[in-house]
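**Student:** Pasting in a structure now, in structure tokens, and then I'll have a few things to ask.
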Amino acid sequence: MTDFQLQLQNLSLWEIPILLFIALAMFLSFRKIGGEMPERGRLILLVLRSIFFIWLGFLTLQPYVSWNKIRHLSPKVVFWMDNSASMKAHKEFNADSILTQFKNLRRVLEKRGAQVVVEPFSVDISQDKNTFTDLSFDESGTDLSQAIAHSLEKHVDDAVCAAVLFSDGVSTQGEETGFIETGKRFPIFSVGIGDTARLADAFVANLDIPATAKVGDTIQVSAEIVPQGNGGFAQVFLKENGRTVQKITVERHQESFRRQIAFAHVLQTPGEILLSVEIDTEKDVNPYNNTKSEGIFVKATDETIVILSSRLNVESTFLKKTLETDRRFRVFNWVESTDGWIPKSELNVFRGNWAALILMGYPAGNSDANRMAEIRRRIQSGRTPVLVMDTPSLLPDRLNELFGEKLLVGAPENLPVAISVQLMPESEDHAIFRDTFCGVDSKAIVRNLPPIGQRFKKLKLAEGFETLITASTLSETPVLAVRDFQGKRLALCTGLDLWRWSFMTTGARQMDFYQETVLRLMNWLADTSSSKNVRIALDKSIYLSGEIPEISAFAFDGQGTIRPEMFWQTEISDDRQKKTPVVLLWNGRRFIGKAPSLPAGTYRVMTRAFFDTKEIGSAEKTFTIVDQPIELSKIMQNSTGLSALSYQSGGGKISLSELDHIAELIRIQSIDREERHEMRLWRSLIPMLFLIFIVGCEWIYRRIFGYQ
1 MTDFQLQLQN
11 LSLWEIPILL
21 FIALAMFLSF
31 RKIGGEMPER
41 GRLILLVLRS
51 IFFIWLGFLT
61 LQPYVSWNKI
71 RHLSPKVVFW
81 MDNSASMKAH
91 KEFNADSILT
101 QFKNLRRVLE
111 KRGAQVVVEP
121 FSVDISQDKN
131 TFTDLSFDES
141 GTDLSQAIAH
151 SLEKHVDDAV
161 CAAVLFSDGV
171 STQGEETGFI
181 ETGKRFPIFS
191 VGIGDTARLA
201 DAFVANLDIP
211 ATAKVGDTIQ
221 VSAEIVPQGN
231 GGFAQVFLKE
241 NGRTVQKITV
251 ERHQESFRRQ
261 IAFAHVLQTP
271 GEILLSVEID
281 TEKDVNPYNN
291 TKSEGIFVKA
301 TDETIVILSS
311 RLNVESTFLK
321 KTLETDRRFR
331 VFNWVESTDG
341 WIPKSELNVF
351 RGNWAALILM
361 GYPAGNSDAN
371 RMAEIRRRIQ
381 SGRTPVLVMD
391 TPSLLPDRLN
401 ELFGEKLLVG
411 APENLPVAIS
421 VQLMPESEDH
431 AIFRDTFCGV
441 DSKAIVRNLP
451 PIGQRFKKLK
461 LAEGFETLIT
471 ASTLSETPVL
481 AVRDFQGKRL
491 ALCTGLDLWR
501 WSFMTTGARQ
511 MDFYQETVLR
521 LMNWLADTSS
531 SKNVRIALDK
541 SIYLSGEIPE
551 ISAFAFDGQG
561 TIRPEMFWQT
571 EISDDRQKKT
581 PVVLLWNGRR
591 FIGKAPSLPA
601 GTYRVMTRAF
611 FDTKEIGSAE
621 KTFTIVDQPI
631 ELSKIMQNST
641 GLSALSYQSG
651 GGKISLSELD
661 HIAELIRIQS
671 IDREERHEMR
681 LWRSLIPMLF
691 LIFIVGCEWI
701 YRRIFGYQ
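Mapping of the sequence shown onto the numbering used here: position 707 corresponds to residue 707, and the numbering continues sequentially without gaps.
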């Protein structure tokens, strides 16, 4: 113990006579009542009174005691060991050989009197790994800045002579190696692992395409690539659903310069298409980042719709004009006559492909058998969806003959009076009407549909039909029913005068429900993918550990228009059904979201689109994360960063071959650290309790001997 000091912090001259007066008063403050006190008793009482006086003075003067003490600290050397999987990817890395070298270095340092502490690190700082046997070099990332900061704080009171950093200097997160602040508390010696020359890792960084287009449109597919390599050329491919449609050649560079490229691509196939840009290089370090993909929905154009009627009627003309409001459709209205179909000027279309067929009261009782056979072959081929609209001339037996199956069961029942109609509750979840009920006005309109009549027929449908609109006053009376069996779509409408719905108005909002229904129905028939009005895409299907999957999604209404006002509920689940939420945000073209970093495994991303509180639809995709860290795509030694880290601390960077000589660079010496201690007892409750105890003892003792 050195430098002992005692200070009376509250002592002043005027307090001295007060303390003497208190002592005298206490000494003379009792008088004899009876009995004699032995001499020994007087002595004990005097001692108790003296202790009380001294302790009272202690509390009054508030003495402050301080002293210094020399603490001897043993020398310590810290080994920071990079435990990430990127270490094993280097050509010169041999785990057994390198660990043997470090164990030999530890023995040399321990013989010189140093305590060696091994601290493995990766992304997470593990508290229970502190030996060489804990090194497996299989962690999925590296955060060097966090590892060093944690160790500096942990050894702030230790006599650390030096630290030996064993790493390639590649960090997947955290601060860049060259900018880590360590100060000059102790020197850091970096042992660099890996080749200092960058290996070729060409990849596709970004991809930009529109969300929707039409058949025949020429779209621009823009991509940002990094054609990295040691000279030569690389091929960049544009693929449509995995099929190569274009390619260009780019020059490879050693530096990681980004380059913008673009493809002009003509869309020829309707439906959902996956466009990919892929760069093909030899000896690529990370083949999983050579491709970026994005989905695009291609709408069909010039789709041919044919209306066949058994006789002239105003309803087919009204239906034709309604369908032609959608520019995708080319509508032909043919009427059967004894000489064939009229008008004859359009019959060249008869032998082409049809997007849909509408039978308006066809076939009738006098329909030609040969013409029926030709229509039957087209229907039974499964390539042409059909809408059957009932009229008084339609005969159920001939309709069943045309389709080769019983669609209508039993004889129809004629109902000459008009009947009220309503939508079935299940209709809200069907692709035709799914997003019709999102607005308050549209809900009110749908609840007040006008009646239909014109010799309405009560028909009984075969099994397999789903009724969307039914009679509200008659049980089991379908007005509009649909069927989707093995990809063959069929709709049947038993109320011919639905056109009167075009003139309905509710409040300030006018909604042509007939047009909405007909166009949505025709879109559902003509486009087999229209029932899937929510679509989701991933930028690729396989990721490395640490990579961030990017999710894109969009929702369509019944007419194929993107709805940006939706909100989404998206989750990623693993094999154990552990769910991770993902936020999707509108970027002007589609909804985009990024998944968190996930461990290796197979995952399913599921998304649901909502408008207000109503679910519009859902979609899902699967992807795989392989057990290979993303930092392998940067596989080279960060020699510059390791050098900067070492030199700012007063250490140096050495190669693996010089590891045996590092013990000569480390000065092993113990440290005598002076520690200051102080004591302020009056700040605790103990002195006051002791004072009360002394007064109590003194009072009890006086009472025993008859004093007060």
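Each residue gets a CB set at the ideal place from its N, CA and C atoms; glycine is no exception.
What you are looking at is a predicted structure, and each value in this text was computed from that prediction instead of being measured.
Note down, in chain order, each residue of its chain lying with its Cβ closer than 7 Å to the Cβ of Ser367, except the 5 sequence neighbours on either side.
**Tutor:** The sequence position of residue 367 within the sequence shown is 367, counting from 1. If we look at Ser367 and ignore the five residues flanking it on each side, its Cβ neighbours are Ser310, Glu336 and Arg398.
**Student:** Leaving aside the five residues before and after Ser643 along the sequence, list all residues of the same chain whose C-beta is less than 6 Å from its C-beta, in chain order.
**Tutor:** In the sequence shown, residue 643 corresponds to position 643, counting from 1. Here the set comprises Lys653.
**Student:** When the distance is taken between beta carbons, is Leu394 closer than 8 Å to Ala364?
**Tutor:** What you label residue 364 is simply residue 364 of the sequence shown in a count that begins at 1. What you label residue 394 is simply residue 394 of the sequence shown in a count that begins at 1. Taking 8 Å as the Cβ cut-off, Ala364 and Leu394 qualify as a contacting pair.
**Student:** Helix, strand or coil for Asp429 per DSSP?
**Tutor:** Start at 1 with the first residue of the sequence shown, and residue 429 comes out as number 429. Reduced to three states, the DSSP call for Asp429 is helix.
**Student:** To which residues of the same chain is Glu675 closer than 6 Å at the C-beta, ignoring the five residues directly before and after it?
**Tutor:** Taking the first residue of the sequence shown as 1, we reach residue 675 at position 675. Same-chain partners within the cutoff: Lys69 and Arg71.
**Student:** Taking Cβ positions, are Glu153 and Ser84 nearer each other than 8 Å?
**Tutor:** Here residue 153 is taken as the residue at index 153 of the sequence shown, counted from 1. Here residue 84 is taken as the residue at index 84 of the sequence shown, counted from 1. For Glu153 and Ser84, no; Cβs fall outside 8 Å.
**Student:** Taking one C-beta from the segment 398-408 and one from the segment 375-388 each time, how about it: are there three or more such pairs within less than 8 Å?
**Tutor:** With the cut-off at 8 Å, the segment 398-408 and the segment 375-388 touch.
**Student:** Grouping DSSP H, G and I as helix and E and B as strand, with all else coil, what is Phe186?
**Tutor:** Taking the sequence shown and counting its residues from 1, one reaches residue 186 at position 186. Coil, per DSSP.
**Student:** I need the straight-line Cα distance from Leu659 to Val116, nearest angstrom please.
**Tutor:** Here residue 659 refers to the residue found at position 659 when the sequence shown is read from its first residue. Here residue 116 refers to the residue found at position 116 when the sequence shown is read from its first residue. About 15 Å.
**Student:** Is the segment 320-338 close to the segment 587-605, with three or more CB pairs under 8 Å?
**Tutor:** The segment 320-338, when compared against the segment 587-605, does not touch it at the 8 Å Cβ threshold.
**Student:** Where does Gly593 sit, in a helix, a strand or coil, going by DSSP?
**Tutor:** In the sequence shown, residue 593 corresponds to position 593, counting from 1. Three-state result, Gly593: strand.
**Student:** Which one of Ile98, Thr142, Ala163 and Leu144 has the shortest CA to CA distance from Val118?
**Tutor:** In the sequence shown, residue 118 corresponds to position 118, counting from 1. The candidate whose alpha carbon is nearest that of Val118 is Ala163.
**Student:** Just tell me which of Ile148, Leu359 and Leu274 has its CA closest to the CA of Leu207.
**Tutor:** The residue labelled residue 207 in the question sits at position 207 within the sequence shown. The shortest Cα separation from Leu207 among Ile148, Leu359 and Leu274 belongs to Leu274.
**Student:** What are the start and end residues of each continuous alpha helix (DSSP H) run of 4 or more residues lying completely inside the segment 312-349, in chain order?
**Tutor:** List check, alpha helix (DSSP H) in window: 314-323.
**Student:** In terms of alpha-carbon separation, which member of Ile432, Leu461, Ile193 and Ile542 lies closest to Pro396?
**Tutor:** Taking the first residue of the sequence shown as 1, we reach residue 396 at position 396. For the residues Ile432, Leu461, Ile193 and Ile542, the minimum Cα distance to Pro396 belongs to Leu461.
**Student:** Just the C-alpha distance for Thr711 and Thr391, rounded to the nearest angstrom, thanks.
**Tutor:** Residue coverage of the chain in this structure runs from 1 to 708, which leaves residue 711 outside it and unanswerable.
**Student:** Would a C-beta distance cut-off of 8 Å place Gln267 and Val306 closer than the cut-off?
**Tutor:** Here the question's residue 267 lines up with position 267 in the sequence shown. Here the question's residue 306 lines up with position 306 in the sequence shown. In the sequence as displayed, the identity of residue 267 is Leu instead of Gln. No, Cβ-Cβ distance for Leu267 and Val306 is not below 8 Å.
**Student:** Give a yes or no on contact between the segment 594-607 and the segment 615-629, applying the rule of three or more CB pairs nearer than 8 Å.
**Tutor:** Yes, the segment 594-607 is in contact with the segment 615-629.
**Student:** Is it buried or exposed, Val479, if we count other Cβ atoms within 10 angstroms and call 16 or more buried?
**Tutor:** As a working note, residue 479 is residue 479 in the sequence shown. The residue is buried, with at least 16 neighbouring Cβ atoms inside 10 Å.
**Student:** Count the other CB atoms within 10 Å of the CB of Pro385; is the residue buried (16 or more) or exposed (fewer)?
**Tutor:** For this step, residue 385 is matched to residue 385 along the sequence shown. It counts as buried.
**Student:** Give a yes or no on contact between the segment 91-111 and the segment 655-669, applying the rule of three or more CB pairs nearer than 8 Å.
**Tutor:** At 8 Å Cβ cutoff, the stretches touch.
**Student:** How many whole angstroms separate the CB atoms of Glu547 and Phe611, which I take to be in contact at a CB cut-off of 8 Å?
**Tutor:** The residue you call residue 547 lines up with position 547 of the sequence shown. The residue you call residue 611 lines up with position 611 of the sequence shown. Not really, about 33 Å apart at Cβ, beyond 8 Å.
**Student:** Tell me whether Lys76 is buried or exposed, calling it buried when 16 or more other Cβ atoms sit within 10 Å of its Cβ.
**Tutor:** Walking along the sequence shown from the start, residue 76 turns up at place 76. Buried, because 16 or more other Cβ atoms sit within 10 Å of the Cβ of Lys76.
**Student:** If we ignore side chains and look at the alpha-carbon of each, how far apart do Asp339 and Thr494 end up?
**Tutor:** For this step, residue 339 is matched to residue 339 along the sequence shown. For this step, residue 494 is matched to residue 494 along the sequence shown. One C-alpha to the other measures close to 29 Å.
**Student:** Helix, strand or coil: which one does DSSP assign to Tyr543?
**Tutor:** As a working note, residue 543 is residue 543 in the sequence shown. Note: Tyr543 maps to strand in three-state DSSP.
**Student:** Pick out whichever of Ala553, Gly352, Glu240 and Glu346 has its Cα sitting closest to the Cα of Arg383.
**Tutor:** Locating residue 383 in the sequence shown gives position 383, counting from the first residue. The shortest Cα separation from Arg383 among Ala553, Gly352, Glu240 and Glu346 belongs to Gly352.
**Student:** Report the partner residues of Thr301 according to the DSSP bridge assignment.
**Tutor:** Working through the sequence shown from its first residue, we reach residue 301 at position 301. Thr301 pairs with nothing; no bridge assigned.
**Student:** Among the candidates Glu346, Ser276, Pro270 and Met360, whose CA atom is the shortest distance from the CA of Asn313?
**Tutor:** The sequence position of residue 313 within the sequence shown is 313, counting from 1. When each option's Cα is compared against that of Asn313, the closest is Met360.
**Student:** Applying the criterion that 16 or more other CB atoms from any shown protein chain within 10 Å of the CB defines a buried residue, is Gln235 buried or exposed?
**Tutor:** Here the question's residue 235 lines up with position 235 in the sequence shown. Per the 10 Å Cβ criterion, exposed.
**Student:** Ignore the nearest five residues each way along the sequence and tell me which others in Asp158's own chain have a CB closer than 8 Å to its CB.
**Tutor:** Numbered from 1 along the sequence shown, position 158 holds the residue referred to as residue 158. For Asp158, where only same-chain residues beyond five positions count, the Cβ hits under 8 Å are Leu73 and Lys76.
**Student:** Is any beta-carbon of chain D found at less than 8 Å from that of Ile188?
**Tutor:** In the structure shown, chain D does not exist; there is a single protein chain.
**Student:** Taking Cβ positions, are Ala553 and Thr607 nearer each other than 8 Å?
**Tutor:** Taking the first residue of the sequence shown as 1, we reach residue 553 at position 553. Taking the first residue of the sequence shown as 1, we reach residue 607 at position 607. Going by C-beta atoms, Ala553 is nearer than 8 Å to Thr607.
**Student:** With Ser190 and Leu585 assumed to form a contact (beta carbons below 8 Å), what rounded beta-carbon distance in angstroms separates them?
**Tutor:** On the sequence shown, position 190 is the one that residue 190 refers to. On the sequence shown, position 585 is the one that residue 585 refers to. Not really, about 42 Å apart at Cβ, beyond 8 Å.
**Student:** Compute the Euclidean distance between the alpha carbons of Thr291 and Glu278, then round it to the nearest angstrom.
**Tutor:** Position 291 of the sequence shown holds residue 291. Position 278 of the sequence shown holds residue 278. Cα to Cα, Thr291 sits roughly 4 Å from Glu278.
**Student:** Please confirm whether Gln637 and Ile148 have their CB atoms less than 8 Å apart.
**Tutor:** Walking along the sequence shown from the start, residue 637 turns up at place 637. Walking along the sequence shown from the start, residue 148 turns up at place 148. It is not a contact, given that the beta carbons lie outside the stated cut-off.
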